[in-house]
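In full-length UniProt numbering, the protein residues as written are 1 to 412.
See the structure below:
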């Protein structure tokens with residue numbers, strides 16, 4: 001066989017090599033001189049890129065709608081236990097969903113009406129007391145640290161700042177149309193979420209049947225298991241957080257009233273909401289405001305508020321919360337905080353609100369496929385207290401998978 005050239009064709013003048021490769025080259029190259037699979041590969045690559053670009057364009061365009069659907073799905077999961085209970089009592093599912101909606105709207109409307117009137121009144125009083133409290137604070141700082149600050153100078157600066165704010169507000173007066181559009185957009189989004197939530201809850205079984213109809217039996221079982229876990233965890237999250245916020249707010253309101261702390265109701269609501277719906281740091285953010293108000297009113301009040309908040313958190317963390325969330329949302333505080341940050345980075349405020357129930361559902365679902373093994377004794381893994389010690393799970397039999405054993409295990 002003759003030596004081929006760099007392009008694979010025989011060297012000119014070599015008759016034997018030319019005759020040998022003349023029958024091979026036409027099969028590898030078409031009339032245009034390239035292999036026949038190259039055009040098909042190019043077309044497939046361009047079609048893939050075009051499909052990816054079109055899908056990304058649709059995803060960007062429909063981002064708002066998909067976010068609303070996701071929020072509606074979690075709300076439907078949250079109210080589905082109540083809907084299922086009414087349906088089990090013989091109610092039509094649509095009527096049961098409507099009753100749950102009406103009850104929730106009445107409760108929320110009553111709560112925000114009462115809360116709004118009291119909260120606005122106390123905020124107005126707080127704003128009216130700001131100059132007096134600022135003057136008292138400056139006087140205390142001058143007496144304590146000999147700063148020589150003048151309250152009159154500060155008031156003049158506040159007036160200048162107020163004038164600038166008024167000018168800025170006047171310049172924004174032309175943006176009333178934009179503000180109205182924003183409000184209408186929020187109302188439309190709220191109605192959209194309510195509509196999707198109603199249909200997802202009322203037609204839940206039909207929707208799940210439609211999804212499972214295109215899946216294999218094994219996949220259907222896994223999907224339904226994940227769906228059941230999501231319903232349990234999401235509903236349990238709303239229930240446990242709401243109950244803890246109510247108990248926290250009532251306890252702080254009673255204590256703030258006993259020590260005659262100004263704006264007790266508004267501050268108690270602030271502490272209850274922030275401490276329960278913002279993991280880890282919500283306790284400190286919620287407790288900062290009443291401590292500051294107490295410090296401006298009376299330093300001893302601030303000290304009592306600080307001591308009560310610390311004491312209540314110990315009671316809540318080690319006794320109250322484990323009893324309420326033992327079967328609803330058992331998640332480490334650090335993991336919960338990381339989940340909220342990740343949710344906010346992905347979907348913004350909606351993601352931050354949905355991160356905890358989604359994380360709890362994912363954790364519970366994955367726990368069915370995680371096996372725990374006996375931990376070897378070592379100082380680095382020695383329990384620090386009795387609560388850290390837990391019974392070790394038996395080691396997994398490697399042959400179980402080959403025998404077709406079903407996955408399972410303790411909660412991760």
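Idealized CB from N, CA, C, for every residue including glycine. These figures come from a predicted structure and were not determined experimentally.
Contact under 7 Å by Cβ, residue i with residue j
{"i": "residue 286", "j": "residue 271", "result": "yes"}
{"i": "residue 355", "j": "residue 200", "result": "no"}
{"i": "residue 269", "j": "residue 249", "result": "yes"}
{"i": "residue 72", "j": "residue 197", "result": "yes"}
{"i": "residue 96", "j": "residue 87", "result": "yes"}
{"i": "residue 83", "j": "residue 100", "result": "yes"}
{"i": "residue 251", "j": "residue 257", "result": "no"}
{"i": "residue 276", "j": "residue 241", "result": "yes"}
{"i": "residue 274", "j": "residue 301", "result": "no"}
{"i": "residue 340", "j": "residue 352", "result": "yes"}
{"i": "residue 220", "j": "residue 212", "result": "yes"}
Terminal residues of the alpha helix (DSSP H) in which residue i lies
{"i": "residue 233", "result": "217-258"}
{"i": "residue 84", "result": "63-88"}
{"i": "residue 275", "result": "264-277"}
{"i": "residue 209", "result": "204-212"}
C-alpha gap between residue i and residue j, whole angstroms
{"i": "residue 253", "j": "residue 107", "result": "20 Å"}
{"i": "residue 335", "j": "residue 143", "result": "46 Å"}
{"i": "residue 308", "j": "residue 266", "result": "17 Å"}
{"i": "residue 47", "j": "residue 36", "result": "18 Å"}
{"i": "residue 360", "j": "residue 202", "result": "24 Å"}
{"i": "residue 414", "j": "residue 245", "result": "Coverage of the chain is limited to positions 1 through 412, which leaves residue 414 absent and any answer about it impossible."}
{"i": "residue 315", "j": "residue 208", "result": "42 Å"}
{"i": "residue 63", "j": "residue 138", "result": "50 Å"}
{"i": "residue 322", "j": "residue 134", "result": "42 Å"}
{"i": "residue 45", "j": "residue 344", "result": "35 Å"}
{"i": "residue 192", "j": "residue 305", "result": "42 Å"}
{"i": "residue 364", "j": "residue 297", "result": "47 Å"}
{"i": "residue 416", "j": "residue 234", "result": "Coverage of the chain is limited to positions 1 through 412, which leaves residue 416 absent and any answer about it impossible."}
{"i": "residue 206", "j": "residue 222", "result": "18 Å"}
{"i": "residue 317", "j": "residue 104", "result": "28 Å"}
{"i": "residue 55", "j": "residue 66", "result": "14 Å"}
{"i": "residue 311", "j": "residue 289", "result": "17 Å"}
{"i": "residue 188", "j": "residue 337", "result": "31 Å"}
{"i": "residue 366", "j": "residue 346", "result": "21 Å"}
{"i": "residue 40", "j": "residue 49", "result": "14 Å"}
{"i": "residue 93", "j": "residue 255", "result": "44 Å"}
{"i": "residue 58", "j": "residue 52", "result": "10 Å"}
{"i": "residue 342", "j": "residue 349", "result": "11 Å"}
{"i": "residue 227", "j": "residue 236", "result": "14 Å"}
{"i": "residue 146", "j": "residue 299", "result": "19 Å"}
{"i": "residue 303", "j": "residue 324", "result": "29 Å"}
{"i": "residue 319", "j": "residue 111", "result": "28 Å"}
{"i": "residue 85", "j": "residue 91", "result": "9 Å"}
{"i": "residue 368", "j": "residue 194", "result": "33 Å"}
{"i": "residue 98", "j": "residue 80", "result": "12 Å"}
{"i": "residue 184", "j": "residue 215", "result": "41 Å"}
{"i": "residue 278", "j": "residue 374", "result": "35 Å"}
{"i": "residue 1", "j": "residue 43", "result": "Because the pLDDT at residue 1 is just 49, under 50, the model does not fix this residue reliably, and the value given afterwards should be weighed accordingly. If you take the alpha carbons of residue 1 and residue 43, they lie about 37 Å apart."}
{"i": "residue 190", "j": "residue 378", "result": "55 Å"}
{"i": "residue 259", "j": "residue 380", "result": "46 Å"}
{"i": "residue 60", "j": "residue 230", "result": "27 Å"}
Heavy atom of the ligand NAD within 6 Å of residue i beta-carbon
{"i": "residue 197", "result": "The ligand NAD is absent from the structure shown, which contains no ligands of any kind."}
* **Inside the segment 279-354 only - alpha helix (DSSP H) runs reaching at least 4 residues** => You should have 282-297, 299-315, 321-325, 333-347.
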